[in-house]
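Asker: Here this note's numbering is used: the first residue of the sequence shown is 48, the next is one more, and so on.
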Amino acid sequence: THIPFSKLGKQFKLPQTAVLAIRAPEQIPYLYTESYQWYPSFSPLGDLLTNPNPSPALTLLSAVLDHLTSPQECAWPLDRIHLFGFAQGGSVALEFGLRVWREREKERKKEEENKEARSEETAKERSTPTLTPSSLGSIISISGPLLSYPTVPNPPGPSPTPILVVYRPPPSDPSLSTSDLTAIKKAYSNVREVKMPVKTQGTAMPSSREEWEGIMRFWSERLSRRQVEGVYEVLSGMSGR
């Protein structure tokens, strides 16, 4: 469920950051413990689905994002929203990041065309249009590949959303193959990898401080921080003169 990820988010203690843990939309049948999935991975007969459909999950995330970014609701800037997902959650995050990029780029292009079409607009306004960001702040996927090989129309081209792909090499399960990584790097122009040690038993999630280090470093470079009045940043290694 979403509860362990909510607890994990609180344990991170990320400065000036709100954490929202979202439960996957579909309950897994026939399990004794309450469990949910972002999309079905198996048929009713137990066969692995080769082309799973994440559409319901993407629709859910779109509704959440609209609420967070709507000026009438939370008014959260798109480029200050960061996604973190494990396995299915990571796959959905990557698929959703592409959807957001393509949809927002269409809106951005239309917005720019409308600005240029206004006869009363000044030359200065045309040269520096105020446009909303088109991509999310970042996405971290742990052992979650894209569900389909991406087609990247140009424009808009690959998404500039910064991506961190964290995984354990095979025979760890889940893992990512070379083709999985190639697909992600085709869809996104800014991809970083963190390869953890092989683990054939237990969870594929990071399980030590060393394994979390790359994730925390990535966030430290990406998370926005507001300047608080009366608080100044002290840089190490600076001369006291």
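Heads up, the beta-carbon is just placed ideally off N, CA and C, and yes, glycines get one too. Computed from a predicted model, the values in this text were never measured in an experiment.
Quick check on V245: buried or exposed, where buried means 16 or more other Cβ atoms within 10 Å of its Cβ?
Answerer: Here residue 245 corresponds to residue number 198 of the sequence shown, with the count starting at 1. By the neighbour-count rule (16 or more Cβ atoms within 10 Å), V245 is not buried but exposed.
Asker: Quick check for students: name the residue ranges of the beta strand (DSSP E) that lie wholly in the stretch 201 to 259, counting only runs of 3 or more.
Answerer: You should have 210 to 214 and 238 to 242.
Asker: Quick check: the stretch 254 to 264 against the stretch 218 to 232, are at least 3 beta-carbon pairs closer than 8 Å?
Answerer: Segments in contact, no.
Asker: Taking the alpha carbon of S138 as the reference point, which residue from V66, W259, A234 and P118 has its own alpha carbon closest?
Answerer: Residue mapping note: residue 138 aligns to position 91 of the sequence shown, counting from 1. Nearest option by C-alpha distance: A234.
Asker: Run the CB neighbour count on R264, radius 10 Å, all protein chains shown included, and call it buried at 16 or more, exposed below.
Answerer: As a working mapping, residue 264 is identified with position 217 in the sequence shown. Classification for R264: exposed.
Asker: Assuming A104 and G191 form a contact by the criterion Cβ under 8 Å, report the distance between their Cβ atoms to the nearest whole angstrom.
Answerer: Sequence index remark: in the sequence shown, residue 104 carries index 57 (1-based). Sequence index remark: in the sequence shown, residue 191 carries index 144 (1-based). Incorrect: roughly 12 Å between the Cβ atoms, too far for contact.
Asker: Since P203 and W148 should fall inside the 8 Å C-beta cutoff, what is the C-beta to C-beta distance between them, to a whole number of angstroms?
Answerer: Position 156 of the sequence shown, counting from 1, holds the residue named residue 203. Position 101 of the sequence shown, counting from 1, holds the residue named residue 148. The pair is a contact, with the Cβ atoms about 7 Å apart (cut-off 8 Å).
Asker: Between S113 and G184, how many whole angstroms is the CB-CB distance? I'm expecting something under 8 Å.
Answerer: Taking the first residue of the sequence shown as 1, we reach residue 113 at position 66. Taking the first residue of the sequence shown as 1, we reach residue 184 at position 137. The sequence given here has Asp at residue 113, not Ser. So it is not a contact: roughly 17 Å between Cβ atoms.
Asker: Considering only their Cβ atoms, is the gap separating S88 from L96 smaller than 8 Å?
Answerer: Taking the first residue of the sequence shown as 1, we reach residue 96 at position 49. Taking the first residue of the sequence shown as 1, we reach residue 88 at position 41. Contact flag set, yes.
Asker: From L55 to E150, what does the alpha carbon distance come to, in whole angstroms?
Answerer: The residue given as residue 55 occupies position 8 in the sequence shown. The residue given as residue 150 occupies position 103 in the sequence shown. Taking the straight line joining both Cα atoms gives about 31 Å.
Asker: Can the beta-carbon of E240 be found less than 8 Å from the beta-carbon of V212?
Answerer: For the purposes of this step, residue 240 is identified with residue 193 of the sequence shown, where counting begins at 1. For the purposes of this step, residue 212 is identified with residue 165 of the sequence shown, where counting begins at 1. Yes, the Cβ-Cβ distance between E240 and V212 is below 8 Å.
Asker: Are the CB atoms of T208 and S182 nearer to each other than 8 Å?
Answerer: Your numbering for residue 208 matches position 161 in the sequence shown. Your numbering for residue 182 matches position 135 in the sequence shown. Closer than 8 Å, so yes.
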